[in-house]
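Here is the structure we will look at.
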Ligand SMILES: Nc1ncnc2c1ncn2[C@@H]1O[C@H](COP(=O)(O)OP(=O)(O)OP(=O)(O)O)[C@@H](O)[C@H]1O
Ligand SMILES: [Mg+2]
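Take a look at the structure:
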């Protein structure tokens, strides 16, 4: 693979990279590098990764995440962003994120749009109407498809999840990964979180980086996010957590955590026990019995930037 072509943002002259990072998130070079690395892993190996940004209001989560949009698009990947609002409508953040993808499709050439129409119709089949409801802009590609037949609630839920997977799968293709950025996850509605949990289950889309940002408060949101991280760990999705509010000492240390069963052997990291992990990650691990993280191994050294990054992977996570 021609990495210089596929990942141009990691191979550009330093001055240019510095300028681009400074334009969006000054002082966040280390964190931006972690985001780029996650994208490159998904681009190179395929699969699904979950990367969570946490920090208080104004710590720069959104700015950092959005700074990935341009480099991803330059590398011919897909970037869609949506945000949750307190008391927002179910699925609104997902619809918004997918809407950005559809708008980009609509900006393509006529033959390109025509190819997408065919591809999306084939991918969604009889469930196209469900996705038009989720992403109204899709109507410009799919028209007004017939509604699928009514089903019992559980079966209808499964059908919706399958349709959402199929929609994302149409974008998240090998060599052209999809970055789905969901902001303000502390306010995410339960329906969206359930779809995301399903998405993290195996088999996932071919090349997806699920990027989330959340404030550690309200604490109640932590339980829902813990279920998300547990779903990721359970299905072997690599999980990276970046805490933008971390003290500099911890930031310098930079830690990677691995499931003891599948990870490299090692010793406990300097920061100590799993309870030092950001809450949703630790709670997600606890929900799985905490078997892996109790034996977590210290991984590669820090990246050198002011970045605090914890990564915990289950046994089948890419190595
Ligand atoms: N590294 C940085 N240096 C200077 N200013 C920054 C940096 N990152 C973000 N900002 C600015 O700080 C403000 C808050 O950033 P941002 O919206 O990204 O924070 P946030 O963590 O997403 O907050 P919230 O939880 O409220 O959504 C913005 O005006 C942004 O432009
Ligand atoms: Mg924000």
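Numbering (this note's numbering), first residue to last: 110 to 428. Cβ atoms here follow ideal geometry from the backbone N, Cα and C, with glycine treated the same way.
What first and last residue would you give for the alpha helix (DSSP H) that runs through residue i?
| i | result |
| --- | --- |
| residue 278 | 262 to 280 |
| residue 439 | Since the first and last residues shown for the chain are 110 and 428, residue 439 lies out of range. |
| residue 301 | 299 to 309 |
| residue 250 | 248 to 251 |
| residue 241 | 237 to 243 |
If you run the structure through DSSP and keep just helix, strand and coil, what is residue i?
| i | result |
| --- | --- |
| residue 200 | coil |
| residue 158 | strand |
| residue 384 | Low per-residue confidence applies at residue 384: pLDDT is 33, beneath 50, and the placement is therefore not dependable enough to give any value. |
| residue 190 | strand |
| residue 227 | helix |
| residue 143 | helix |
| residue 138 | helix |
| residue 209 | helix |
| residue 326 | coil |
| residue 176 | coil |
| residue 116 | Confidence in residue 116 is poor, its pLDDT being 30 and thus under 50, which makes the residue's placement unreliable; the coordinate value appears in the next sentence. Coil at residue 116, not helix or strand. |
| residue 150 | helix |
| residue 313 | coil |
| residue 429 | As shown, the chain starts at 110 and ends at 428. That puts residue 429 outside it, with no answer to give. |
| residue 254 | coil |
| residue 218 | coil |
| residue 195 | coil |
| residue 283 | coil |
Tell me where the beta strand (DSSP E) around residue i begins and ends.
| i | result |
| --- | --- |
| residue 352 | 347 to 352 |
| residue 317 | 316 to 323 |
| residue 331 | Here residue 331 belongs to no beta strand (DSSP E); instead the alpha helix (DSSP H) covers 329 to 343. |
| residue 287 | 287 to 292 |
Following a CB-centred definition, is residue i positioned closer than 7 Å to any heavy atom of ligand 2?
| i | result |
| --- | --- |
| residue 171 | yes |
| residue 322 | yes |
| residue 293 | yes |
Could you check if residue i is buried or exposed, using at least 16 other CB atoms within 10 Å of its CB as the buried criterion?
| i | result |
| --- | --- |
| residue 312 | exposed |
| residue 283 | exposed |
| residue 250 | buried |
| residue 374 | Unreliable positioning characterises residue 374 in this predicted model, as indicated by a pLDDT of 24, which lies under 50. A coordinate reading is not provided. |
| residue 227 | exposed |
| residue 370 | Any answer about residue 370 is weak, because its pLDDT of 26 lies below 50 and its placement is not dependable; what the coordinates show is given next. Residue 370 comes out exposed. |
| residue 328 | exposed |
| residue 326 | exposed |
| residue 145 | buried |
| residue 212 | exposed |
| residue 252 | exposed |
| residue 262 | exposed |
| residue 247 | buried |
| residue 219 | exposed |
| residue 165 | exposed |
| residue 438 | Any answer about residue 438 is impossible in this case: the structure gives the chain only from 110 up to 428. |
| residue 224 | exposed |
| residue 137 | buried |
| residue 331 | buried |
| residue 163 | buried |
| residue 245 | exposed |
| residue 186 | buried |
| residue 183 | exposed |
| residue 306 | buried |
| residue 336 | buried |
How many whole angstroms separate the CB atoms of residue i and residue j, which I take to be in contact at a CB cut-off of 8 Å?
| i | j | result |
| --- | --- | --- |
| residue 257 | residue 235 | 5 Å |
| residue 260 | residue 268 | 6 Å |
| residue 304 | residue 333 | Wrong, their Cβ atoms sit about 13 Å apart, outside the cutoff. |
| residue 159 | residue 319 | 5 Å |
| residue 88 | residue 209 | Within the shown structure, residues of the chain are numbered from 110 to 428, placing residue 88 beyond reach of any answer. |
| residue 278 | residue 341 | The Cβ separation is near 18 Å, so there is no contact. |
| residue 274 | residue 299 | Contact flag wrong, Cβ pair sits at about 19 Å. |
| residue 339 | residue 193 | Actually they are not in contact, since the Cβ atoms of residue 339 and residue 193 sit about 20 Å apart, beyond 8 Å. |
| residue 171 | residue 322 | 6 Å |
| residue 188 | residue 346 | Contact flag wrong, Cβ pair sits at about 19 Å. |
| residue 290 | residue 190 | 4 Å |
Is residue i near ligand 1 - that is, is its Cβ less than 7 Å away from at least one heavy atom of it?
| i | result |
| --- | --- |
| residue 168 | yes |
| residue 137 | yes |
| residue 164 | yes |
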